[in-house]
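So the structure is just underneath, and the comments pick up after that.
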Amino acid sequence: MEEKFAHPELRTPENLVYKRTDLLVDCPLSYCPGCGHGVVHRMLMEVLEEKDIASKTIGVNPVGCSVLAYDFMNIDMLGAAHGRAPALATAIKRLWPDRYVFTYQGDGDLAAIGTAETIHACNRGENFTIIFINNGIYGMTGGQMAPTTLPGMRSSTSPYGRDIDIMGHPLKITELIAQLPGTYYVTRQSVQTPAAVRKTKKALRKAFDLQDEKKGISFVEVVSNCNSGWKMTPVQSNTWMEENMFPAYPLGDIKVNGELVK
Amino acid sequence: MGELRLMKGNEAIAEAAIRAGCDGYFGYPITPQSEVMEYLMVERPYETTGMVVLQAESEVAAINMLYGGAGTGKMVLTSSSSPGVSLMQEGISYMAGAELPALIVNIVRGGPGLGTIQPSQADYFQAVKGGGHGDYHMIVYAPASVQEMADFVQIGFDVAFKYRTPVMILSDGAIGQMMEKVYLADPVPRLTEKEVIARCPWASNGRPMSRQHNIITSLDLDPAGQERLNLVLQEKYRKIEESEVMFETIDCEDADYILVAFGLSARICQKAMNLARQKGIKVGLFRPITLFPFPKKEIHELAKRVKGMLVVEMNAGQMIEDVQLAVGCDIPIKHYGRFGGIIPTPDEVVKALEETIIGG
Amino acid sequence: MTEEIIIAGFGGQGVLSMGKILAYSGVMQDQEVSWMPSYGPEMRGGTANVTVIVSDERISSPILNKYDTAIILNQQSMDKFENAVKPGGLLIYDPNGITRHPKRKDISIYSIAAADEAAKIGLSKVFNMMVLGGFLKLKPIVKMENIRKGLEKSLPSRHHKLIPENEKAIVIGQDLIQPVHVL
């Protein structure tokens with residue numbers, strides 16, 4: 071790689087503005103180009119590096135597009151069965167109370183098959199972080215309808231658009247869990263612009279900081295695109311997300327310090 | 093000999109777990125096994141040994157808590173009864189695939205479906221043939237007394253870690269609910285975090301930068317890799333079959349006929365054996381203690397010396413298939429079973445022996 | 541010595557705890573015991589029974605269909621267990637609430653009016669111990685000192701102050717029990 075760099079003489083410590091964290095394994099990600107997962111992976115690993123807690127962190131990844139997240143995150147990980155990550159994390163945090171524990175889950179995993187585990191872990195006030203990637207679709211299995219798919223939105227199992235009379239309403243799981251006394255910090259962010267990425271990283275940092283206080287679940291939703299599943303270019307998908315997903319899933323803090331944000 | 097107590101089988105499981113240095117129990121109430129968690133909640137080991145006890149929101153959550161705990165190298169236990177154990181099958185399959193040690197107790201009740209809360213042995217196939225998806229086995233112990241309920245907790249944890257595999261104690265509602273004398277082993281302390289890390293270098297419990305990151309998973313999208321994992325598992329099961337078989341024989345030396353039974357049925361057969369001998373019929377009892385690995389060789393050898401075998405089970409005929417496979421010679425092998433929560437009586441067993449084997 | 545006993549009555553009569561104290565007493569004198577309850581939703585007010593075996597030898601089946609002794613405390617249990625007593629065996633019952641009295645002539649039958657007596661002297665809580673006292677007068681399979689130890693083991697320590705009352709009930713029961721002659 072070094073020799074391909076046009077001006078090696080410029081590559082000096084004082085000129086260095088970006089370096090990939092070693093906590094990201096040096097391999098190609100399995101995500102589609104344009105997908106938000108890779109950005110969230112990087113933010114997450116940077117937070118662990120900056121907090122210097124990688125050796126004390128245990129991650130649980132889901133079934134879904136991020137089923138192989140353990141191959142990309144250079145920390146100890148467990149791959150959960152579909153929807154069960156909060157159950158694993160519950161046991162892990164209770165058995166290793168001084169470890170930092172997080173789950174990384176998609177919308178189908180967290181808000182459909184794993185709804186019970188999500189709600190009960192949140193309601194018990196477990197002291198771990200849930201990172202929830204919401205792109206309104208099942209990406210890995212080929213673009214089927216998710217619990218968060220918007221009304222009218224097309225997917226392979228709602229090919230004419232989600233008809234709420236037949237298929238029910240999108241589930242605002244984040245607003246729902248924010249009502250529970252066991253959640254302490256609940257926020258919704260995105261990663262489609264550098265500014266949004268910075269905010270997401272800040273939220274992730276706060277979520278891990280809060281694990282020290284042992285006051286309950288810290289929950290970070292990231293509304294993301296799925297350009298493949300949505301059948302769009304990455305740019306189109308980000309525009310579509312801003313115009314359609316954000317009104318339904320408005321960004322910002324929902325619960326801070328155990329208090330709902332008005 | 094340890095401390096003598098009069099306890100229910102379910103309570104013995106719980107107390108033995110505390111004494112074995114168990115790190116965590118995760119369960120969900122279901123009759124007839126709820127005394128396991130009730131006992132733990134009364135004893136509060138989290139205040140003494142530091143053992144975690146948690147009532148999960150479902151058996152599905154409980155088995156996945158077990159998966160999480162086992163994946164970090166901790167000694168973890170769950171218990172349930174038949175419908176709940178059915179819900180756990182996916183998680184057990186994942187644990188077998190990810191090669192995780194854990195102990196699962198099934199206090200069997202009659203099925204299928206919601207069935208009954210009375211004792212049964214109808215989950216034999218589910219326990220010994222896999223139960224969930226994929227090619228795997230658990231090591232399965234079948235206690236026949238409250239003493240064995242306690243003993244198999246420590247033994248179960250030992251083999252679970254020795255082979256990195258889920259282990260099941262397959263008992264039933266009667267043994268779970270009954271009280272008998274039990275000698276409890278002296279308590280051993282829970283392993284320290286350092287000791288856990290040393291015992292389980294494969295576990296995901298926080299990566300020191302001196303080693304590569306550990307990954308707990310049963311997934312390998314590459315078929316060649318998945319086949320390799322399956323070969324590793326099959327090799328492990330062959331080793332288990334070579335080394336871990338347990339069984340008991342009573343009065344088989346001079347026997348013309350053998351009763352083959354496990355767990356509670358074996359207790360009933362012991363009484364039936366005595367009744368038959370009073371009538372002058374020379375009967376012995378063969379009791380498999382491990383159901384997987386099954387004592388194939390021993391049954392095969394025994395079959396050469398006897399005129400017939402009656403397999404007695406509280407089901408419609410499950411272990412008999414393993415007995416038939418093991419015997420492999422031409423003697424009559426019949427089944428006598430009651431199901432739906434009915435327990436066969438010793439008289440019935442003698443009658444079945446007379447009618448189906450001796451007179452048959 | 542092996543004694544196979546069924547104790548049967550309503551839930552709430554102390555059927556299970558009577559069996560438990562008997563089993564504990566057996567443990568205290570180094571015998572083998574088993575205590576196998578009926579279990580299920582049939583709790584207070586429903587029928588409850590427990591099989592207790594006390595033996596000098598390893599106990600084979602903890603579940604039986606014939607008993608050396610049946611202790612019967614309600615009509616449903618009489619209907620169910622009168623014929624389960626082995627020939628030559630013992631049947632003890634409290635006549636309170638019994639409408640069809642036992643009829644067998646090949647077993648020994650005793651009655652013990654413990655419910656009435658317990659109500660009369662205000663010791664209803666230890667009604668079951670009176671019945672146990674009656675049984676032990678006929679079959680002293682466990683010693684009084686071991687009953688006391690059994691009580692200490694089976695009662696939580698906050699209830700140990702009730703032990704003298706329990707012991708008194710056992711003595712009362714020994715006087716109450718009467719043979720019944722089936723005509």
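Residue numbers (this note's numbering), protein chains in the order written: chain R, 71 to 332; chain B, 93 to 452; chain D, 541 to 723.
Glycine included, each C-beta is placed from N, C-alpha and C at the ideal position.
Own chain residues within Cβ distance below 8 Å of residue i, not counting five before or after
i	result
I189/R	L246, I247 and L250
I123/R	Y170 and F278
V259/B	P193, A194, L195, I196, M230, I231, V232, Y233, G248, F249, V251 and A252
M270/B	K100, G101 and V238
C150/R	Correcting the residue type first, residue 150/R is Ala in the shown sequence and not Cys. So the qualifying residues of the chain are V130, N131, P132, V133, A157, L158 and T173.
Cβ-based neighbour list, residue i, same chain, cut-off 6 Å, excluding 5 preceding and 5 following
i	result
G299/R	I207, G209 and G213
A266/B	P211 and L356
E705/D	V666
Q262/R	N308
V220/B	V232, L383 and F384
K374/B	D346, A347 and D348
L648/D	The residue you asked about is not Leu; residue 648/D is Ser in the sequence shown. These residues qualify, in order along the chain: L630.
I400/R	Nothing about residue 400/R can be read from this structure; chain R reaches only from 71 to 332.
S565/D	V682, N686, I687 and G690
Closest residue to residue i among the options (Cα-Cα distance)
i	options	result
S302/B	S125/R, S260/R, L99/R and P264/R	S125/R
E340/B	A358/B, E334/B and M167/B	A358/B
Q714/D	L676/D, E657/D, P627/D and S578/D	L676/D
E107/B	I307/B, E390/B, L276/B and Y349/B	L276/B
A318/R	V293/R, V326/R, M302/R and N297/R	V293/R
F386/B	G376/B, Q370/B, D414/B and A368/B	D414/B
S173/B	I434/B, Q218/B, M401/B and T164/B	Q218/B
Beta-ladder partner(s) of residue i, from DSSP
i	result
T253/R	I287/R
T754/D	Summary: the structure shown does not reach residue 754/D, with chain D confined to residues 541 through 723, and so no result is reported for it.
I561/D	Note: I561/D sits in no beta bridge, so no partner.
T173/R	V130/R and I200/R
H427/B	V403/B
M99/B	E272/B
A194/B	P258/B
R201/B	P211/B
C-alpha distance - residue i paired with residue j, whole-angstrom precision
i	j	result
E116/R	S136/R	18 Å
L417/B	G106/R	56 Å
K166/B	V288/B	7 Å
I449/B	K708/D	55 Å
V419/B	I360/B	23 Å
A408/B	S574/D	27 Å
G189/B	S310/B	5 Å
E285/B	Q304/B	19 Å
T208/B	G268/B	15 Å
P293/B	F172/R	21 Å
V594/D	I603/D	13 Å
L672/D	G559/D	9 Å
H427/B	V404/B	6 Å
A236/B	A654/D	37 Å
H641/D	K620/D	13 Å
D146/R	L351/B	51 Å
G222/R	F431/B	53 Å
E272/B	V567/D	9 Å
M71/R	P78/R	Only weak support is given to the placement of M71/R: the predicted model assigns it a pLDDT of 45, under 50, and the value that follows is read from those uncertain coordinates. Computed Cα separation, rounded: 11 Å.
G238/R	I203/R	21 Å
R336/R	Y140/R	The shown model of chain R, from 71 to 332, leaves out residue 336/R, and the question about it has no answer.
I234/R	A216/R	13 Å
V177/B	N198/B	7 Å
P124/B	A154/B	17 Å
G176/R	Q213/B	40 Å
K399/B	A155/R	55 Å
Close Cβ partners of residue i (< 7 Å) along its chain, the five nearest in sequence each way excluded
i	result
H721/D	none
H225/B	S185
Positions along the segment 550-571 of chain D whose CB lies within less than 8 Å of some CB in chain B:
K560, A563, Y564 and V567
Identify each residue in the segment 185-218 of chain R for which the Cβ-Cβ distance to at least one residue of chain B is less than 7 Å, and report them in chain order.
A186, E187 and H190
Any C-beta of chain B within less than 7 Å: which residues of the segment 72-100 of chain R qualify?
none
Along the segment 106-124 of chain B, what residues have a CB closer than 8 Å to any CB found in chain D?
T123 and P124
Quick one: which residues of the segment 181-198 of chain B get their C-beta closer than 7 Å to a C-beta of chain R? List them in chain order.
E182, G183 and Y186
Please name the residues in the segment 363-374 of chain B whose beta-carbon is closer than 9 Å to at least one beta-carbon of chain D, in chain order.
K363, A364, M365 and N366
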